[in-house]
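In what follows, a structure is listed as structure tokens, so that the remarks can point back to it.
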Amino acid sequence: MTQQPIVIIGAGVIGVLSAQALAARGRRVIVLDREAGPAQVCSRANAGIIAVGHAQAWAGPEAIVTLMRAFVGREPGVRVTRLRDPALWRWGLAFLRNCTRARHGANTDRLARLSAFSRDQLRNVARDLGLEDLLRHDGGLYLYDDAEALARAAGAHGPHQMDALDRAALFDREGALAQAEDRFAGALFSTRDSVGDCHVFTDTAAQKLAARGSVEFRYDSAVSGLETGSGRVTGVQVGSETIAASQVLLATGVETADLTRPLGVAPLIYPVKGYSGTWALRDPARLPSLPYIDEAAHVAVAVYGEQLRVTAFAEFAGQDRSLPPERIAVLKDYVTRNFGLAVDLDRASFWAGLRPTTPAGAPYLGQVRGFDNLWINAGHGTLGWTLSAGCGALIAQAMTGGTPELRNVSARARWLDPI
Ligand SMILES: Cc1cc2nc3c(=O)[nH]c(=O)nc-3n(C[C@H](O)[C@H](O)[C@H](O)COP(=O)(O)OP(=O)(O)OC[C@H]3O[C@@H](n4cnc5c(N)ncnc54)[C@H](O)[C@@H]3O)c2cc1C
0 MTQQPIVIIG AGVIGVLSAQ ALAARGRRVI VLDREAGPAQ VCSRANAGII AVGHAQAWAG
60 PEAIVTLMRA FVGREPGVRV TRLRDPALWR WGLAFLRNCT RARHGANTDR LARLSAFSRD
120 QLRNVARDLG LEDLLRHDGG LYLYDDAEAL ARAAGAHGPH QMDALDRAAL FDREGALAQA
180 EDRFAGALFS TRDSVGDCHV FTDTAAQKLA ARGSVEFRYD SAVSGLETGS GRVTGVQVGS
240 ETIAASQVLL ATGVETADLT RPLGVAPLIY PVKGYSGTWA LRDPARLPSL PYIDEAAHVA
300 VAVYGEQLRV TAFAEFAGQD RSLPPERIAV LKDYVTRNFG LAVDLDRASF WAGLRPTTPA
360 GAPYLGQVRG FDNLWINAGH GTLGWTLSAG CGALIAQAMT GGTPELRNVS ARARWLDPI
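For the sequence shown, counting from 1, position 162 maps to 161 in numbering that gives the first Met the number 0; every step adds exactly one.
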């Protein structure tokens with residue numbers, strides 16, 4: 000009798016790279032997604048930065064001040080517009096519990112180890128699938144407006160291999176920034192950052208896996224529920240069909256709790272909305288070659304695939320995916336001020352995505368307690384592309400009976416046996 004397949008629900012970057020890792024370990028895998036193709040939801044138009052230098056938990060003593068300011072509309076990059084959302088309050092209380100110095104340190108340590116591991120794993124995945132050309136591994140910049148903030152950040156980043164660049168050294172490295180707004184005091188340079196289009200990488204990876212015959216992708220397949228019995232998931236419901244599975248992996252991003260709530264499990268994954276704009280290039284020489292995060296403006300910038308991608312905002316707005324003109328105006332204004340001569344300002348597209356964010360910052364990675372064969376890889380927040388290959392490798396190692404190469408990297412929860 001042939002072994003039933005492993006079923007992964009979700010063909011975002013997390014589901015597809017989990018499928019790659021399971022297939023590499025010889026498993027038969029089916030990936031289901033409601034959308035018509037891979038990476039159509041949060042993995043669609045993100046900044047594309049493998050941001051090892053930004054692998055820090057948001058929850059911490061400083062975040063309390065940021066959130067207070069956001070509540071009263073005084074934090075430019077962070078907005079809270081759904082104050083009456085009970086899910087936000089449940090999430091917010093758990094977030095506050097993670098704001099102690101000790102928990103911030105432990106969560107940041109998880110993310111730092113996971114992101115460094117993931118960056119290396121992503122190179123392996125690219126090699127396995129012949130996708131090396133889709134990634135650049137030259138590092139990334141974190142820009143600061145004032146020298147004091149830069150010095151503070153340099154101190155805080157001690158163990159993370161970040162080089163501090165003063166203004167002259169920054170402009171020496173990135174001449175294009177000298178022509179942008181005259182406000183940058185310097186930068187941290189993370190040698191371990193990489194960059195690439197998350198959507199293109201995920202989409203091409205899925206095509207290659209399908210062509211090899213090692214993974215079957217079924218799109219336009221909305222999963223309505225999980226059938227369970229005797230402490231196991233026995234089937235996955237898609238319309239009137241029940242798909243039998245040896246094991247089930249949830250890679251369902253912000254929608255994960257919709258499937259687990261009937262089982263009595265409610266992961267705290269809040270959708271934190273962000274926006275991106277993508278511009279066609281006119282004069283690439285006027286653009287920075289390295290991806291960067293403008294820390295004062297809360298804006299991320301990257302150039303790849305003949306386009307400039309700029310992302311911004313962290314908005315607590317529930318499941319709202321609308322694109323209000325005033326948010327688009329902020330992105331347009333940033334690009335016009337800094338790179339108006341480098342891109343075609345009339346050829347741009349805009350997008351909003353919901354980052355699947357846990358209170359701890361680390362993803363939920365492990366086995367759902369009480370079920371022999373139900374696993375989760377969800378809740379990667381601002382770092383899903385960064386963490387995708389490493390989390391895929393670790394969950395595949397655990398699901399196939401191996402010992403995960405890293406331990407203690409998952410967020411903790413009562414309902415989870417974490418990796
Ligand atoms: C503006 C912005 C910028 C970002 N920049 C970066 C960055 O530079 N670097 C970085 O590392 N990360 C970044 N991120 C974060 C990153 O994009 C996410 O963490 C990542 O895409 C999450 O991937 P995922 O596969 O978990 O979720 P998704 O891509 O949302 O995939 C989940 C999939 O599950 C499917 N699904 C859910 N429920 C069901 C169901 N019941 N039946 C069938 N299918 C289902 C959905 O259709 C979807 O395709 C950014 C995010 C945003 C919004």
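Glycine is no exception: its CB is placed at the ideal position from the N, C-alpha and C atoms. Model, not experiment: these values are computed from the prediction.
Any non-hydrogen atom of ligand 1 closer than 7 angstroms to residue i Cβ
i	result
GLY9	yes
GLN420	The shown model of the chain, from 0 to 418, leaves out residue 420, and the question about it has no answer.
PRO61	First, the amino acid is wrong: residue 61 is Glu here, not Pro. No.
THR310	yes
THR107	no
CYS197	yes
PRO355	yes
GLY276	no
LEU307	no
ILE48	yes
HIS297	no
HIS379	yes
ILE394	no
LEU31	yes
Burial state of residue i (16 or more Cβ within 10 Å)
i	result
GLU240	exposed
THR80	exposed
ASP416	exposed
PRO283	exposed
GLU404	exposed
GLY185	buried
MET161	buried
GLY11	buried
MET398	buried
THR310	buried
GLU180	exposed
ARG109	buried
GLN318	exposed
ILE49	buried
ARG73	exposed
GLY351	The residue asked about is misnamed: residue 351 is Ala in this sequence, not Gly. With 16 or more other Cβ atoms within 10 Å, it is buried.
Range of the contiguous beta strand (DSSP E) that encloses residue i
i	result
ALA279	269-280
VAL342	342-356
ASP165	161-165
GLN236	231-237
VAL223	According to the sequence displayed, residue 223 carries Ser and not Val. Its beta strand (DSSP E) spans residues 222-228.
GLN366	363-367
ASN337	Per DSSP, ASN337 belongs to no beta strand (DSSP E); it is in the alpha helix (DSSP H), 324-338.
ILE8	5-8
ILE292	291-293
Run of the alpha helix (DSSP H) containing residue i, from where it starts to where it stops
i	result
PHE188	Looking at the DSSP string, PHE188 is not in any alpha helix (DSSP H); the run it does join, the beta strand (DSSP E), is 185-189.
ASP119	100-128
PHE312	Here PHE312 belongs to no alpha helix (DSSP H); instead the beta strand (DSSP E) covers 306-315.
ARG151	146-155
query = If you pair each beta-carbon of the stretch 75-94 with each one of the stretch 119-131, do three or more pairs fall below 8 angstroms?
reply = Judged by Cβ distances under 8 angstroms, the stretch 75-94 makes no contact with the stretch 119-131, as fewer than three pairs qualify.
query = Quick check: the stretch 185-200 against the stretch 30-44, are there 3 or more CB pairs under 8 angstroms?
reply = Verdict: yes, contact present.
query = Three or more beta-carbon pairs under 8 angstroms between the stretch 20-27 and the stretch 94-114, yes or no?
reply = Taking a cut-off of 8 angstroms on C-beta distances, the stretch 20-27 does not touch the stretch 94-114, as fewer than three cross pairs fall below it.
inquiry  = Between the stretch 388-406 and the stretch 328-335, can you find at least three pairs of beta-carbon atoms closer than 8 angstroms?
reply    = Flag = no, the stretch 328-335 and the stretch 388-406 do not touch.
query = Is the stretch 265-283 touching the stretch 229-236, taking contact as three or more C-beta pairs under 8 angstroms?
reply = As far as the Cβ criterion goes, the stretch 265-283 does not touch the stretch 229-236, which means the pair count is below three.
key: Three CB pairs or more closer than 8 angstroms across the stretch 350-368 and the stretch 269-276   = At 8 angstroms Cβ cutoff, the stretches touch.
request  = Specify whether the stretch 377-385 and the stretch 253-268 touch according to this definition: at least 3 beta carbon pairs, one from each stretch, less than 8 angstroms apart.
outcome  = Touching, yes, given that three or more Cβ pairs across the two stretches are closer than 8 angstroms.
query = On the three-pair Cβ rule with 8 angstroms, is the stretch 300-308 touching the stretch 52-69?
reply = Not touching, per the Cβ criterion.
Segment contact flag, the stretch 15-25 with the stretch 202-214, C-beta cutoff 8 angstroms, min 3 pairs = Taking 8 angstroms as the limit for Cβ pairs, the verdict is that the stretch 202-214 does touch the stretch 15-25.
query = Are at least three pairs of beta-carbons, each pair with one atom in the stretch 219-226 and one in the stretch 165-181, less than 8 angstroms apart?
reply = These segments do not touch.
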